[in-house]
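Student: Before I ask anything, let me first share the structure, which is written out below as structure tokens.
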Amino acid sequence: MFIESRELLIKHKIPVSRISKYWKGLEGGIVYKTACKKCGETYYPPRAECLCGGEVEWVEVDGEGIIEAFTTVHAIPKGFEWNKPYTIAIASFGDVKIMGWAEDVEVGDRVRIKTGKDETGVWKVYFEVI
Ligand SMILES: [Zn+2]
Numbered sequence: 008m009f010i011e012s013r014e015l016l017i018k019h020k021i022p023v024s025r026i027s028k029y030w031k032g033l034e035g036g037i038v039y040k041t042a043c044k045k046c047g048e049t050y051y052p053p054r055a056e057c058l059c060g061g062e063v064e065w066v067e068v069d070g071e072g073i074i075e076a077f078t079t080v081h082a083i084p085k086g087f088e089w090n091k092p093y094t095i096a097i098a099s100f101g102d103v104k105i106m107g108w109a110e111d112v113e114v115g116d117r118v119r120i121k122t123g124k125d126e127t128g129v130w131k132v133y134f135e136v137i
């Protein structure tokens with residue numbers, strides 16, 4: 008039986024001015040999280056203010072991470088046709104978990120965080136196995 012389908016494209020507009028430091032950081036090879044000066048809570052993705060109402064400061068995510076999960080996408084979604092099957096992973100870096108693009112990873116691998124532009128010019132987080 009033929010099932011009719013139609014394409015659905017969704018565009019989200021999100022305010023980014025208060026977290027623009029995050030995007031500028033990626034361009035400079037730095038991944039930032041935010042940490043509350045009042046209660047100490049940390050956020051990744053960064054938040055411009057803490058849930059407790061406290062002021063946050065920007066902190067560089069540094070050092071080694073550990074791969075906690077990953078998935079390889081073979082059914083490439085529209086808009087990613089330039090990419091072969093690709094792998095997205097989640098790694099823990101101390102008190103935050105970060106999602107990034109990776110190759111040939113396994114759970115438990117130690118990784119270093121990198122930033123770079125993809126083929127469409129978008130800055131992304133990548134993991135490099137140590
Ligand atoms: Zn707080």
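For the sequence shown, the numbering used here assigns the number 8 to the initial residue and increments by one for each residue that follows.
Cβ atoms here follow ideal geometry from the backbone N, Cα and C, with glycine treated the same way.
Quick caveat: nothing in here was measured; it's all calculated off a predicted structure.
(1) Looking at Lys45 and ligand 1, is the gap between the Cβ and the nearest heavy atom below 8 Å?
(2) Between Ile5 and Val112, which are expected to be in contact by the criterion C-beta below 8 Å, what is the C-beta distance as a whole number of angstroms?
(3) Helix, strand or coil for Glu71 per DSSP?
(4) Leaving out five residues on either side along the sequence, give the residues of the same chain with a beta carbon under 7 Å from the beta carbon of Lys28.
(5) Does at least one heavy atom of ligand 1 sit under 8 Å from the Cβ of Glu48?
(6) In chain order, which continuous runs of the alpha helix (DSSP H) of length 4 or greater are located wholly inside the stretch 26-70?
Tutor: In short:
(1) yes
(2) Not covered by the structure: residue 5. The range shown for the chain is 8 to 137.
(3) strand
(4) Tyr39 and Trp65
(5) yes
(6) 27-34
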